[in-house]
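Engineer: Structure in structure tokens, see below.
2 protein chains.
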Amino acid sequence: MQAQIITIGDEILIGQIVDTNSAFIAKQLTKIGIKVYEITSIQDEEKHILHALTEAEKKVQLVIVTGGLGPTKDDITKQSFCNFFNDTLIENKKVYEHVKQLYKKYTNGDLLPESMHQALVPSKATILQNDMGTAPGLWMEQNNTVFVSLPGVPYEMKQLIKKEVIPRIVKRFNRPYIYQKTLLTYGKGESEIAKQIADWENQLPKQIKLAYLPSPGRVRLRLMATGKDEIVIRNLVEKQIKQVAKLLKDSVVGFEEDASIEELIAKKLVANGQSLSVIESCTGGEIATQFIQHAGASSYFKGSMVPYNSTYKIKVLGIDKELIDKFTVVSNEVAQEMALRGQQLFETHYCIATTGVAGPTQGETQDEVGTVYIALATPTGVFSKKFNFGKPRERVIKRGVNKALELLLKEL
Amino acid sequence: MQAQIITIGDEILIGQIVDTNSAFIAKQLTKIGIKVYEITSIQDEEKHILHALTEAEKKVQLVIVTGGLGPTKDDITKQSFCNFFNDTLIENKKVYEHVKQLYKKYTNGDLLPESMHQALVPSKATILQNDMGTAPGLWMEQNNTVFVSLPGVPYEMKQLIKKEVIPRIVKRFNRPYIYQKTLLTYGKGESEIAKQIADWENQLPKQIKLAYLPSPGRVRLRLMATGKDEIVIRNLVEKQIKQVAKLLKDSVVGFEEDASIEELIAKKLVANGQSLSVIESCTGGEIATQFIQHAGASSYFKGSMVPYNSTYKIKVLGIDKELIDKFTVVSNEVAQEMALRGQQLFETHYCIATTGVAGPTQGETQDEVGTVYIALATPTGVFSKKFNFGKPRERVIKRGVNKALELLLKEL
Numbered sequence: 001m002q003a004q005i006i007t008i009g010d011e012i013l014i015g016q017i018v019d020t021n022s023a024f025i026a027k028q029l030t031k032i033g034i035k036v037y038e039i040t041s042i043q044d045e046e047k048h049i050l051h052a053l054t055e056a057e058k059k060v061q062l063v064i065v066t067g068g069l070g071p072t073k074d075d076i077t078k079q080s081f082c083n084f085f086n087d088t089l090i091e092n093k094k095v096y097e098h099v100k101q102l103y104k105k106y107t108n109g110d111l112l113p114e115s116m117h118q119a120l121v122p123s124k125a126t127i128l129q130n131d132m133g134t135a136p137g138l139w140m141e142q143n144n145t146v147f148v149s150l151p152g153v154p155y156e157m158k159q160l161i162k163k164e165v166i167p168r169i170v171k172r173f174n175r176p177y178i179y180q181k182t183l184l185t186y187g188k189g190e191s192e193i194a195k196q197i198a199d200w201e202n203q204l205p206k207q208i209k210l211a212y213l214p215s216p217g218r219v220r221l222r223l224m225a226t227g228k229d230e231i232v233i234r235n236l237v238e239k240q241i242k243q244v245a246k247l248l249k250d251s252v253v254g255f256e257e258d259a260s261i262e263e264l265i266a267k268k269l270v271a272n273g274q275s276l277s278v279i280e281s282c283t284g285g286e287i288a289t290q291f292i293q294h295a296g297a298s299s300y301f302k303g304s305m306v307p308y309n310s311t312y313k314i315k316v317l318g319i320d321k322e323l324i325d326k327f328t329v330v331s332n333e334v335a336q337e338m339a340l341r342g343q344q345l346f347e348t349h350y351c352i353a354t355t356g357v358a359g360p361t362q363g364e365t366q367d368e369v370g371t372v373y374i375a376l377a378t379p380t381g382v383f384s385k386k387f388n389f390g391k392p393r394e395r396v397i398k399r400g401v402n403k404a405l406e407l408l409l410k411e412l
Numbered sequence: 413m414q415a416q417i418i419t420i421g422d423e424i425l426i427g428q429i430v431d432t433n434s435a436f437i438a439k440q441l442t443k444i445g446i447k448v449y450e451i452t453s454i455q456d457e458e459k460h461i462l463h464a465l466t467e468a469e470k471k472v473q474l475v476i477v478t479g480g481l482g483p484t485k486d487d488i489t490k491q492s493f494c495n496f497f498n499d500t501l502i503e504n505k506k507v508y509e510h511v512k513q514l515y516k517k518y519t520n521g522d523l524l525p526e527s528m529h530q531a532l533v534p535s536k537a538t539i540l541q542n543d544m545g546t547a548p549g550l551w552m553e554q555n556n557t558v559f560v561s562l563p564g565v566p567y568e569m570k571q572l573i574k575k576e577v578i579p580r581i582v583k584r585f586n587r588p589y590i591y592q593k594t595l596l597t598y599g600k601g602e603s604e605i606a607k608q609i610a611d612w613e614n615q616l617p618k619q620i621k622l623a624y625l626p627s628p629g630r631v632r633l634r635l636m637a638t639g640k641d642e643i644v645i646r647n648l649v650e651k652q653i654k655q656v657a658k659l660l661k662d663s664v665v666g667f668e669e670d671a672s673i674e675e676l677i678a679k680k681l682v683a684n685g686q687s688l689s690v691i692e693s694c695t696g697g698e699i700a701t702q703f704i705q706h707a708g709a710s711s712y713f714k715g716s717m718v719p720y721n722s723t724y725k726i727k728v729l730g731i732d733k734e735l736i737d738k739f740t741v742v743s744n745e746v747a748q749e750m751a752l753r754g755q756q757l758f759e760t761h762y763c764i765a766t767t768g769v770a771g772p773t774q775g776e777t778q779d780e781v782g783t784v785y786i787a788l789a790t791p792t793g794v795f796s797k798k799f800n801f802g803k804p805r806e807r808v809i810k811r812g813v814n815k816a817l818e819l820l821l822k823e824l
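Quick mapping for you: the protein sequence lines, in order, are chains U and R.
The first sequence: position 69 = 69 (the working numbering), numbered continuously.
Heads up, the working numbering is the position in the second sequence plus 412, with the first residue counted as 1.
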């Protein structure tokens, strides 16, 4: 059982936006045992859309299309579906009423003919109600392949996938189980890890696929198996991942299932009834953002601050000017003091602090670009470490964030 | 002249990572007049890679492949290229020395055979030197189509695209000019805008393609034209975009060329010698992150704070407890006071402040989920506005960030 995801929109092909929809959909499909064979992004052109649908029908049993369902002239997915399925657009009463109400609520104005275009749907389509917007989802079948068309706006698409699409797929298709688990390792390179686990890798059962996922400062190892018996494949993966975790003991910080590292940290903090604050200089708020993007952050996250240069580290955060003068602002001493001040101010159990030079140019000190000090204040003390994260800026910030999260998770 | 981008990696197809490489490459290609026909993400499987390369060769003259160049067993792009081009891997001396040096610098250890695998390249390939990592880029040609293989690590790929790939493409291919410009509008929906500019849209010259790009709280209108004469197509687009900007006068905040809205703000602040601070509650540091991600932020960005609940708004930021008791923490009064306090603390010309309920549950107050107050302190005063950004959390935060940036840009 394989699927293809097709995202429609010139904005993707000219690089104006990053296609985040596909990753979301792929994750949801993988969870229910559907393998995504390919993800394709194509232009807002009927010829291209029809070609993509035709090719997909040959290869997969499920095609999920996003984009091109807006009320404006450049949105041509519905018309292309009509041509592909030899169908015509008809007005749908339920969608008409929904669009009318949405329009009243948000604009208090007259209904525009452009909006009412949203109520036109292919006559053969099953309508998937879009609570978050005006464009309904469409479910159509042909030659044993299911085609689903969804709006490209991420929160509308997500809601439709969860509420309408996944439940229908689960009913419609027999699917194998896919079980995957990912090991998070920090501090070692891909080659080093590969050497360390070579014997283990050579004996891996064929049903298990191993992938190395390197990113600045960390490598994730993903084990994945597909099969008809859920328990069998789960045990297979669990057994092997335990073995490799043991081999890599010193670098492993945990497993990533559905959760990211900041979610693992959040879970532990909440379970322990503990709290967190963050004082960031060179990472510029990125660490705090990692936590606050997830619902429920307020139960452990108390606050953060970005005092971007020395003046405000002294004035707003309350770092001693003499300490900065003596050790410079990019130092273990100042990083630790930042963490302790943050811990005091926000009255938290833990506080992460970063200070360094993200680049591209040197900052207030003579330190090499890429130098970053990360400090962690804990209920029992404070410590810090010096790193050099190289270049460019993007990588320095990313490695700084990853390393800070790693240090905190290890401490919990 | 059309191109295809192929990204290789199961991690994309199972939704474990978002493919950001394609957008970067697409943007660079568009700039030099190359149209991206399609973006395809495929599995780490030789059969699939060969199929994708074969199909691409039929359709386009340039294929850019990323991923699958690591030193571990799941990386099979090089071997697949050998099979596609009927070639064999040979050791490249220059790459060997480069890998050796990199390895010495970062690990101080012995050279591993896994790392030295990186020095093996297809004999027919032109090598593109990768300064940031061990996997070299490859440039190969067959039947008048150019195939480029690049590592999937974003900063390695980006460096190679800029330093090696784009200059070679410019030499190798005759290309038309592509000119595009995007109008940023805020506060109106897609349908409303479509109605307002219907007459203008109907008279648009055929060479110009118009796209509506809606996102929470804003709609971008992109005009794009392709042609042989740079001046002709530039004038064509400029003339039309001026007309539509006039029609939408009240909603337009500016143009987005290469710059995002925060870059437009940064440019203005730097030009005026002015500075910025941010006090965020419900947007959780996301506004500050927008600015700090770009190099040069320290010249105008002085600092930010996320006092996530009332206690720390009082204790750390210095908001009067009585003010919060009287008006609640989610109010115009408190938002304005937050902006003024931030402006004072960080001694900046402007300070943005946000306070609200991102959801999914209500916070400290009885306000409806989605309620957000945004305040702006300026050199001449302070003002704030109340919004309801609906649901879910992700959208509330995103709309809050967009709206705050809009308010600030309008003020500058």
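From the three backbone atoms N, C-alpha and C, an ideal C-beta is built for every residue, glycine too.
Could you list which residues in chain U have their beta carbon closer than 9 Å to that of residue 452(R), in chain order?
Structural biologist: Those are 38, 39, 40 and 41, listed as they occur along chain U.
Engineer: Under 9 Å, do residue 331(U) and residue 603(R) count as touching if we go by C-beta distance?
Structural biologist: It is not a contact, given that the beta carbons lie outside the stated cut-off.
Engineer: Can you grab the Cα-Cα spacing for the pair residue 341(U) / residue 280(U), in whole Å?
Structural biologist: Going by the C-alpha atoms only, they are around 12 Å apart.
Engineer: Measure the CB-CB distance between residue 19(U) and residue 44(U) and report whether it falls below 9 Å.
Structural biologist: Against a cut-off of 9 Å, the Cβ pair of residue 44(U) and residue 19(U) comes out as no contact.
Engineer: Using a Cβ-Cβ cut-off of less than 9 Å, give me the residues of the stretch 417-432 of chain R that come near chain U, in sequence order.
Structural biologist: Within the stretch 417-432 of chain R, the residues whose Cβ lies closer than 9 Å to some Cβ of chain U are 417, 419, 421, 422, 423, 424, 425, 426, 427, 428, 429, 430, 431 and 432, listed in chain order.
Engineer: With 9 Å as the threshold, decide whether the Cβ of residue 387(U) is near any Cβ in chain R.
Structural biologist: No - not a single Cβ of chain R is within 9 Å of the one on residue 387(U).
Engineer: When we look at the beta-carbon of residue 256(U) and count the other beta-carbons within 10 Å, is it buried (16 or more) or exposed?
Structural biologist: The residue is buried, with at least 16 neighbouring Cβ atoms inside 10 Å.
Engineer: Using 8 Å for Cβ pairs, my map puts residue 151(U) next to residue 174(U). What's the rounded Cβ distance?
Structural biologist: At roughly 29 Å, the Cβ-Cβ gap does not stay under 8 Å, so residue 151(U) and residue 174(U) are not in contact.
Engineer: Which residue comes first and which comes last in the alpha helix (DSSP H) that contains residue 751(R)?
Structural biologist: Residues 744-757.
Engineer: Are the C-beta atoms of residue 309(U) and some chain R residue less than 9 Å apart?
Structural biologist: Output row for residue 309(U): interface = yes.
Engineer: So, for residue 659(R): in the same chain, excluding its five sequence neighbours on each side, which residues have a beta-carbon less than 7 Å away from its beta-carbon?
Structural biologist: The answer, listed in chain order, is 608, 609 and 612.
Engineer: Give the straight-line distance between the Cα atoms of residue 568(R) and residue 544(R), rounded to the nearest whole angstrom.
Structural biologist: Answer to the nearest angstrom: the Cα atoms are 5 Å apart.
Engineer: Using the C-alpha atoms, what's the distance from residue 160(U) back to residue 96(U)?
Structural biologist: Roughly 18 Å between the two C-alpha positions.
Engineer: With distance defined between alpha-carbon atoms, name the residue in 500(R), 655(R), 592(R) and 627(R) nearest to residue 615(R).
Structural biologist: The candidate whose alpha carbon is nearest that of residue 615(R) is 655(R).
Engineer: Rounded to the nearest angstrom, how far is the Cβ of residue 591(R) from that of residue 649(R), given a contact under 8 Å?
Structural biologist: So it is a contact: roughly 5 Å between Cβ atoms.
Engineer: Whose C-alpha, out of 104(U), 411(U) and 135(U), is nearest the C-alpha of residue 76(U)?
Structural biologist: Per the Cα distances, 135(U).
Engineer: Is there a Cβ of chain R sitting closer than 9 Å to that of residue 207(U), yes or no?
Structural biologist: No, because no Cβ of chain R sits closer than 9 Å to the Cβ of residue 207(U).
Engineer: Which one of 492(R), 464(R) and 529(R) has the shortest CA to CA distance from residue 472(R)?
Structural biologist: Cα-wise, what sits closest to residue 472(R) is 464(R).
Engineer: Quick one: what does DSSP say residue 164(U) is sitting in, helix, strand or coil?
Structural biologist: In the structure shown, residue 164(U) sits in a helix (DSSP, three-state: H, G or I).
Engineer: Any idea what DSSP makes of residue 399(U), helix, strand or coil?
Structural biologist: Helix, per DSSP.
Engineer: So with Cβ pairs under 9 Å, would you call residue 50(U) a contact of chain R?
Structural biologist: Output row for residue 50(U): interface = no.
Engineer: Quick check on the DSSP output: the alpha helix (DSSP H) that includes residue 724(R) runs from which residue to which?
Structural biologist: Residue 724(R) -> alpha helix (DSSP H) spans 722-727.
Engineer: Can you name, in chain order, every residue of its own chain whose Cβ lies under 6 Å from the Cβ of residue 435(R), other than the five neighbours on each side?
Structural biologist: Within the same chain, residue 435(R) has no close Cβ partners at all.
Engineer: Is the stretch 61-68 of chain U touching the stretch 85-104 of chain U in the sense that three or more CB pairs, one from each, lie closer than 8 Å?
Structural biologist: These segments do not touch.
Engineer: Quick one: which chain R residues come within Cβ less than 9 Å of residue 377(U)?
Structural biologist: Within 9 Å Cβ-Cβ: nothing; residue 377(U) doesn't reach chain R, min ~16 Å.
Engineer: Looking at the secondary structure, which residues open and close the beta strand (DSSP E) in which residue 653(R) lies?
Structural biologist: Residue 653(R) -> not in any beta strand (DSSP E); alpha helix (DSSP H) instead, spanning 642-659.
Engineer: According to DSSP, which residues form a beta bridge with residue 452(R)?
Structural biologist: Answer by DSSP bridge pairing, in chain order: 40(U) and 418(R).
Engineer: Interface residues of chain R around residue 24(U) at Cβ under 7 Å?
Structural biologist: Those are 427, listed as they occur along chain R.
Engineer: Strictly by DSSP, which residues pair up with residue 282(U)?
Structural biologist: Answer by DSSP bridge pairing: none, since residue 282(U) is not bridged.
Engineer: What does DSSP give as the partner residues of residue 254(U) in its beta bridges?
Structural biologist: Looking at the DSSP assignment, residue 254(U) forms a beta bridge with 184(U).
Engineer: Please report whether the beta-carbon of residue 224(U) lies at a distance below 9 Å from any beta-carbon of chain R.
Structural biologist: Yes - at least one Cβ of chain R is within 9 Å of the one on residue 224(U).
Engineer: With 16 other CB atoms within 10 Å as the buried threshold, where does residue 80(U) fall?
Structural biologist: Burial call: buried.
Engineer: Residues in the stretch 747-775 of chain R with C-beta within 9 Å of chain U's C-beta atoms, listed in sequence order?
Structural biologist: Cβ contacts with chain U: 757, 758, 759, 770, 771, 772, 773 and 775.
Engineer: Report buried or exposed for residue 684(R), applying the criterion of at least 16 other Cβ atoms within 10 angstroms of its Cβ.
Structural biologist: Under this definition residue 684(R) is an exposed residue.
Engineer: For a minimum of 3 consecutive residues, which ranges assigned as the beta strand (DSSP E) are wholly contained in the stretch 126-172 of chain U?
Structural biologist: 126-128, 137-142 and 145-150, all fully within the stretch 126-172 of chain U.
Engineer: DSSP three-state call for residue 193(U): helix, strand or coil?
Structural biologist: Helix at residue 193(U).
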